[in-house]
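Written below as structure tokens is the structure these notes are about.
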Amino acid sequence: MSEMDYEEERRNKRGYDIRVIKWLFGFARQYRELMVISLIFMLITAAIELIVPYIAKIAVDRYIFLPWGEARFSDKDFSDKDDKLRRLIEKKYSSSIIPIGKDSYLINLSRIDKDDRINLEKFEIVSKERYLVVDRAGIESDRLSRVNEILNKHNDIFKPVGQVYFAKYSSLKKLSRDEIRTLRIGDIGRVNRLALLLLIVLFSDFLFSSAYTYFLNYSGQRIMHKIRLGVFSHLVTLPQSFFDRNPVGRLTTRVTNDVNAINEMYTSVLVQFFKDLIVIFGVLIVMFNMNKTLTAFIFILTVILGIIGALFKKRLQIIYRSVRRSIARLNAFVQESVRGIMIIKLYLREKENFERFKEVNRENYRANMDQLFAFATFRPIIEFIGTFAVALILWYGGLRIIKLDLTLGALIAYLAYIRMLFGPIVELTERYNIFQSAIAASENLYDLINLKPEEREKGRGLESVRGKIEFKNVWFSYNGGDWVLKNVSFSADPGQIVALVGLTGSGKTTIINLILRFYDIQRGQILFDGVDIRELDPYFLRTNVSTVFQDMFLFGKGISDSTSHNNGDGFAKTVGADGIKADRRFVSSGERQIISLGRVFSKDANVLILDEATSLIDAEMELKVQEVLKKGSRKRTTIIVAHRLSNVREADKIIVIHKGEIFETGTHHELLMKGGIYYNLYRLQSEIYRLSS
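The sequence shown begins at 482 in my numbering and counts up one residue at a time.
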């Protein structure tokens, strides 16, 4: 298990880390003004969304559905308390009642308080019949003649009370559509004005919603940009041992996918979460004011849904980390397979590689299936509760309408509000998805950003650099157990060419890595101009060392960017690198080595290290490189790592390393005379060359 896998497993047991949340909000602090603006616009949007169903309620109760009903008190045996209710209604709603006989009234039920309406229904005072009321006093003169004509024509339907005429709703079917339109032109005008108001409200909702969405996404993109810069800038400062333990694909996932997941949390969860909460509480308050009993049932369903969501949350937390870990492993495997496709094809490993891919892909499949199963059970529960709530409202609300305890407009508003209530709850679960993904991603990034970087700027530099390298009794192990180098001691003086030779795995490249301080030794000393390199700043050390490894990396957009440094062009002309193809996508490995050599010679550092730097170029080009080395060897320390011994024949000192220890030291001729490991290696390579030629 890699270091990053271990961290993820540890987080599964410990839960959320408040430090991670603080770290995330730290990136948003710079854009808090935009976030506040988004929050304000979001609050306005939430308020507008709560107003829309209420406007529909007003239109239905006051102007579409006839609000007038008949209240009869005459044939009831009233107690003093009940008679007090009648006097209260006569006094409190004098403008909303029309006397039509002894102890009988027409009452505008849309203007009556709910408690008073319940009392009227309780004593069966209000009839279930609705009435159309025409007040001639409020009709314009240009329309009054037409209204009088209709009233006189249907005098069997309309009953007069002064300037007011009223008719039962059930009798209006005898009127034509044009006549009804004429009589209700006032209600139609008010409905039209409410429709215009509703259009303005919806357009305002569009404007404010678009504004806060834009500001959210803008700030989210800026935050993502800042996080990615911070993560990548920290990533390149980590020690080499970290990259040895973690695959490239997984690190790529951290910088790309994980940052995108955090951006989704900022834009889709952070502010929108508050909007959903406000809508939920706002809907419950409005519904409670319309009908307490029905809202109590809905609240109980909401609590049940919250409990189910909490149980689902715990399960989803584990699932999402598993999904992200499997994605990271899948990305790492695909990237490494594509990078090594030539080797896979060369050794006919396509089938074996595919079998390994199937195993990694199967892990990702299982993680996604766990996620799918969780949602396949949770979503239907939410939908069932939502459907049950609608059915409850239709059943209970219909009974309340019949008993005059609830208006038709209130029922319509209830149905709209129930969608507004359960819609955000469903969205909260979806956003919880994003939140879980972002938390898992942020924990990964937080652990990455808090890894201790390579110590820089703590060490010191040297006023003058000669370039002498000296190893004194150096012991080193990558894992703290198996020693890769054992008691290694040698020196490389300025003007010397020192060659390191030996079998594969003997520790040659490890020596180079230690000189560059990619790793620190466990025992002994490595001196640079007589100073322990652990006292020196790694940046200073690497500035004064030019290195070419067998695996090359080209900087810049094109080839010219990699060779246009100081005397790099001169080297290119010497070895013929100026003819290399301009597009680095089609540059061969040998050409890459030539470009890399040009780059290190242009650096003109006091120490030059070549680790198999000419292994991929032809013999003629190799001779030209050796000529350039000889010309510059007088002023620099040169260390060469090579398997081909023909490259080190002219070295001032050849060090033979075997299983991490120095076995032989001397010039080419001295080592041949000893008849040891170097002699056997040289004879073996000469024989191979003879047989192949």
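Quick reminder that beta carbons are idealized off the backbone N, C-alpha and C, glycines included. Model, not experiment: these values are computed from the prediction.
- Would you mind sorting Asn954 into buried or exposed? The rule is 16 or more other CB atoms within 10 Å of its CB. Reading the sequence shown from its first residue, position 473 is the one you call residue 954. Exposed, because fewer than 16 other Cβ atoms sit within 10 Å of the Cβ of Asn954.
- Message: Give me the DSSP bridge partner(s) of Ala980.
- Response: By 1-based counting over the sequence shown, the position of residue 980 is 499. Ile1121, Ile1135.
- Message: Rounding to the nearest angstrom, what Cα-Cα distance links Leu978 and Phe1144 in this structure?
- Response: As a first step, residue 978 is located in the sequence shown; it is residue number 497 there, counting from the start. As a first step, residue 1144 is located in the sequence shown; it is residue number 663 there, counting from the start. The identity of residue 978 in the sequence shown is Ile, whereas the question assumes Leu. Straight across, the Cα-Cα distance linking Ile978 with Phe1144 is about 19 Å.
- Query: Of the choices Ile788, Ser923, Asn589, Gly670, whose alpha-carbon is the least far from that of Met746?
  - Reply: Here residue 746 corresponds to residue number 265 of the sequence shown, with the count starting at 1. Of all alpha-carbon atoms in Ile788, Ser923, Asn589, Gly670, the one lying nearest the alpha-carbon of Met746 is that of Ser923.
- In whole angstroms, what separates the C-alpha of Asn849 from that of Ile906? Within the sequence shown, numbered from 1, the residue matching residue 849 stands at position 368. Within the sequence shown, numbered from 1, the residue matching residue 906 stands at position 425. Computed Cα separation, rounded: 23 Å.
- Message: If you reduce the DSSP assignment to three classes, tell me which class Asp1059 lands in.
- Response: Position 578 of the sequence shown holds residue 1059. Low confidence applies to Asp1059: its pLDDT is 48, below 50, so where it sits in the model is not reliable, and the reading given next is rough at best. Residue state, collapsed to three classes: helix.
- Alpha carbon to alpha carbon, how far is Lys1134 from Leu984? Give it in angstroms, no decimals. The sequence position of residue 984 within the sequence shown is 503, counting from 1. The sequence position of residue 1134 within the sequence shown is 653, counting from 1. When rounded, the distance between both Cα atoms is 18 Å.
- Message: Checking the sheet assignment: what are the DSSP bridge partners for Gln702?
- Response: Taking the first residue of the sequence shown as 1, we reach residue 702 at position 221. For Gln702, which the question treats as bridged, DSSP gives no partner whatsoever.
- Would you kindly work out how many angstroms separate the C-alpha atoms of Asn1048 and Tyr1159, rounded to a whole number? For the purposes of this step, residue 1048 is taken as residue 567 along the sequence shown, with counting starting at 1. For the purposes of this step, residue 1159 is taken as residue 678 along the sequence shown, with counting starting at 1. Only weak support exists for where Asn1048 lies, its pLDDT of 46 falling under 50; the coordinates are left without a value.
- Query: Is it true that the region 634-649 meets the region 675-682, where meeting means three or more beta-carbon pairs spaced less than 8 Å apart?
  - Reply: no
- Task: Give the range of the beta strand (DSSP E) segment to which Ile993 is assigned.
- Result: As a position in the sequence shown, residue 993 is number 512, starting the count at 1. First-last for Ile993: 989-996, but that is the alpha helix (DSSP H), not the beta strand (DSSP E).
- What are the boundary residues of the beta strand (DSSP E) that Gly550 is part of? Walking along the sequence shown from the start, residue 550 turns up at place 69. Note, Gly550: beta strand (DSSP E), 549-553.
- Simplified DSSP state of Leu896, which is helix, strand or coil: As a working note, residue 896 is residue 415 in the sequence shown. Leu896: helix per DSSP, three-state reduction.
- Item | Pair within 7 Å by beta-carbon distance, Leu675 and Leu613 | For the purposes of this step, residue 675 is taken as the residue at position 194 of the sequence shown. For the purposes of this step, residue 613 is taken as the residue at position 132 of the sequence shown. Their beta carbons are not under 7 Å apart, which means Leu675 does not touch Leu613 by this criterion.
- Evaluate contact between the region 858-875 and the region 828-839, counting only Cβ atoms and requiring at least three cross-stretch pairs below 8 Å. no
- Message: So, with DSSP's three-state summary, where would you put Ile539?
- Response: Against the sequence shown, residue 539 aligns to sequence position 58. Helix.
- Task: Could you tell me the distance, in whole angstroms, from the CA atom of Ala692 to the CA atom of Phe522?
- Result: One-based indexing of the sequence shown puts residue 692 at position 211. One-based indexing of the sequence shown puts residue 522 at position 41. When rounded, the separation of the alpha-carbon atoms in Ala692 and Phe522 is 7 Å.
- For Ala973, which of helix, strand or coil comes out of DSSP? Within the sequence shown, the letter at position 492 stands for residue 973. Strand, per DSSP.
- In angstroms, rounded to a whole number, what distance separates the CA positions of Met823 and Glu817? As a working mapping, residue 823 is identified with position 342 in the sequence shown. As a working mapping, residue 817 is identified with position 336 in the sequence shown. Met823 and Glu817: Cα-Cα distance of roughly 11 Å.
- Which whole-angstrom value is the C-beta distance of Glu944 and Ser972, which I expect to be below 8 Å? Here residue 944 corresponds to residue number 463 of the sequence shown, with the count starting at 1. Here residue 972 corresponds to residue number 491 of the sequence shown, with the count starting at 1. Glu944 to Ser972, Cβ: 22 Å. No contact.
- Query: Is Tyr544 near the ligand SAH, in the sense that its beta carbon is under 6 Å from a heavy atom of that ligand?
  - Reply: Absence of the ligand SAH from the depicted structure is noted, as is the absence of any ligand whatsoever, leaving it without description.
- Straight-line gap, Arg662 to Ala791 (C-alpha atoms, nearest Å): As a position in the sequence shown, residue 662 is number 181, starting the count at 1. As a position in the sequence shown, residue 791 is number 310, starting the count at 1. Their backbone Cα atoms lie some 54 Å apart in a straight line.
- Message: Using DSSP's beta-bridge definition, name the partner residues of Gln1006.
- Response: Position 525 of the sequence shown, counted from the start, is the residue given in the question as residue 1006. BP columns for Gln1006 point to Lys953.
- Who are the near neighbours of Pro720 in its chain, counting only those whose CB is closer than 6 Å to its CB and skipping five residues on each side? Along the sequence shown, read from residue 1 onward, the residue named residue 720 stands at position 239. So the qualifying residues of the chain are Glu935.
- Task: Out of Val1109, Glu1072, Lys1105, Leu1104, state which residue places its alpha-carbon closest to the alpha-carbon of Leu1089.
- Result: Along the sequence shown, read from residue 1 onward, the residue named residue 1089 stands at position 608. Leu1089 has its Cα closest to that of Val1109, out of Val1109, Glu1072, Lys1105, Leu1104.
- Message: Which of the three DSSP states is assigned to Tyr1000 in this structure?
- Response: As a working mapping, residue 1000 is identified with position 519 in the sequence shown. It is coil, neither helix nor strand.
- Task: Look at the alpha carbon of Ile789 and the alpha carbon of Leu515, and state the distance between them as a whole number of angstroms.
- Result: Locating residue 789 in the sequence shown gives position 308, where the first residue counts as 1. Locating residue 515 in the sequence shown gives position 34, where the first residue counts as 1. Each residue's Cα considered, the two are about 35 Å apart.
- Item | Whether Asp713 touches Val736 by CB criterion (7 Å) | One-based indexing of the sequence shown puts residue 713 at position 232. One-based indexing of the sequence shown puts residue 736 at position 255. A small correction: the amino acid at residue 713 is Phe; Asp does not occupy that position in the sequence shown. The answer is yes: Cβ separation under 7 Å.
- Between Gly550 and Ile588, is the Cβ-Cβ spacing less than 7 Å? Your numbering for residue 550 matches position 69 in the sequence shown. Your numbering for residue 588 matches position 107 in the sequence shown. Yes.
- Item | Separation of Thr1148 from Ala1063, as counted between CA atoms | In the sequence shown, residue 1063 corresponds to position 582, counting from 1. In the sequence shown, residue 1148 corresponds to position 667, counting from 1. Only weak support is given to the placement of Ala1063: the predicted model assigns it a pLDDT of 48, under 50, and the value that follows is read from those uncertain coordinates. Distance between the alpha carbons of Ala1063 and Thr1148: 41 Å.
- Item | Cβ-based neighbour list, Arg1164, same chain, cut-off 8 Å, excluding 5 preceding and 5 following | As a position in the sequence shown, residue 1164 is number 683, starting the count at 1. Counting only Cβ-Cβ distances below 8 Å, and skipping sequence neighbours, we find nothing.
- What's the C-alpha gap between Leu569 and Asn600? Indexing the sequence shown from 1 puts residue 569 at position 88. Indexing the sequence shown from 1 puts residue 600 at position 119. Straight-line Cα distance between these residues: approximately 12 Å.
- Phe1144 lies in the beta strand (DSSP E); which residues open and close that run? On the sequence shown, residue 1144 is found 663 positions in, with the first residue counted as 1. Taken as a continuous stretch (DSSP letters only), the beta strand (DSSP E) holding Phe1144 covers 1142-1147.
- Alpha carbon to alpha carbon, what distance is there between Tyr898 and Ile874? For this step, residue 874 is matched to residue 393 along the sequence shown. For this step, residue 898 is matched to residue 417 along the sequence shown. Taking the straight line joining both Cα atoms gives about 11 Å.
- Count the CB pairs spanning the region 724-735 and the region 805-821 that are closer than 8 Å, and state whether there are at least three. yes
- Identity of the residues DSSP links to Gly582 by a beta bridge: Mapped onto the sequence shown, residue 582 falls at position 101. Its beta-bridge partners are Ser585.
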